[in-house]
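Under numbering that gives the first Met the number 0, think of the first position of the sequence shown as 0, with each following residue one higher.
Positions of the beta carbon are idealized from the N, C-alpha and C atoms, including for glycine.
What follows is a short report on a single structure.
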Amino acid sequence: MTFMIHLRNDVRQIVRDPIMLVLMFVPLILIVVFKLLLLFLLPVLINLTGFNPDPYYVYLLAFALLLSAGMLGIVTGFLMIDERDGNIAELMAVTPLGRTGYLVNRLSFAALLSVIYSFLSVYVLNVCPVTWPVAIALAGLMAMYTTIFGLILFNSADDKVKGLTFAKGLNVLAFFAFTDLFGLKWLIVLSWFFPPFWITALLKNQGTTLPFVMALIVHAGWLAVLLMRYQRKN
């Protein structure tokens with residue numbers, strides 16, 4: 000019941016803010032745009048250039064997943080910044096819900112949307128074969144990535160203006176999903192410590208469990224550090 004009340008409040012708050020409303024629905028628009036480009040523009044380019052896109056479809060899907068999750072993370076961060084400025088978070092901390100309950104409710108909304116958008120990206124784009132276990136794993140990891148994005152934004156920005164600047168910089172994290180294309184060992188090793196790298200690795204190695212285990216460890220590590228920072232600051 001409490002979760003549904005918070006969900007309705009979140010929807011009202013997002014609808015009142017054009018930036019957050021756009022960010023929430025842009026991933027859906029991008030999925031449609033990517034699909035149209037794949038259906039109509041890509042065949043023309045292949046015929047004209049002879050380019051073989053098959054090895055790069057995995058990277059396209061990884062990019063779509065990370066972009067959607069990142070935008071939803073920005074929405075989460077903006078909501079939390081709004082509530083911090085309005086002292087709503089402090090008021091919630093003294094209710095039976097408590098600080099932990101408030102945080103869970105706040106992060107659940109975008110995480111749930113991220114799961115939905117992940118399945119849409121995988122099965123609407125349909126650019127490469129993805130097994131059901133891997134699709135479920137990706138959805139869970141994207142929910143975690145959305146939470147990570149939101150917490151980084153909230154912990155780093157004092158207001159929404161600075162938050163928008165930080166959000167632009169955070170999108171650079173998606174770069175680590177493509178580092179194995181450069182063939183630089185030191186860059187690949189560095190990428191091991193960033194969540195996006197393991198999304199691509201999971202898609203490229205769907206028959207093994209190691210990429211998922213590593214992805215889970217890295218995502219959980221980032222999440223644990225950010226949650227501890229949140230607790231210290233609040």
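DSSP state of residue i mapped onto helix, strand, coil
| i | result |
| --- | --- |
| residue 128 | coil |
| residue 177 | coil |
| residue 69 | helix |
| residue 139 | helix |
| residue 51 | coil |
Nearest-angstrom Cα separation, counted from residue j out to residue i
| i | j | result |
| --- | --- | --- |
| residue 47 | residue 121 | 28 Å |
| residue 118 | residue 72 | 17 Å |
| residue 98 | residue 52 | 48 Å |
| residue 79 | residue 231 | 16 Å |
| residue 75 | residue 82 | 11 Å |
| residue 34 | residue 171 | 24 Å |
| residue 60 | residue 127 | 8 Å |
| residue 55 | residue 22 | 26 Å |
| residue 50 | residue 44 | 7 Å |
| residue 215 | residue 32 | 30 Å |
| residue 224 | residue 130 | 31 Å |
| residue 169 | residue 227 | 20 Å |
| residue 186 | residue 159 | 32 Å |
| residue 189 | residue 200 | 14 Å |
Heavy atom of the ligand SAM within 8 Å of residue i beta-carbon
| i | result |
| --- | --- |
| residue 156 | The model on display carries no ligand, and the ligand SAM is accordingly not part of it. |
(request) Evaluate contact between the region 145-152 and the region 60-72, counting only Cβ atoms and requiring at least three cross-stretch pairs below 8 Å. (result) As far as the Cβ criterion goes, the region 145-152 touches the region 60-72, which means the pair count is three or higher.
(request) Give, in chain order, every unbroken run of the beta strand (DSSP E) that is at least 3 residues long and sits entirely within the region 142-220. (result) none
(request) Evaluate the contact criterion for the region 130-138 versus the region 202-215: three or more CB pairs, one atom per stretch, below 8 Å. (result) yes
(message) Using 8 Å as the cut-off, can you tell me whether the region 190-204 makes contact with the region 166-179, which would need three or more C-beta pairs spanning the two stretches below that distance?
(response) yes
(request) Would you check if the region 149-159 and the region 182-190 touch, i.e. whether three or more CB-CB distances between them fall below 8 Å? (result) Of all C-beta pairs linking the region 182-190 to the region 149-159, fewer than three are shorter than 8 Å, placing the two stretches out of contact.
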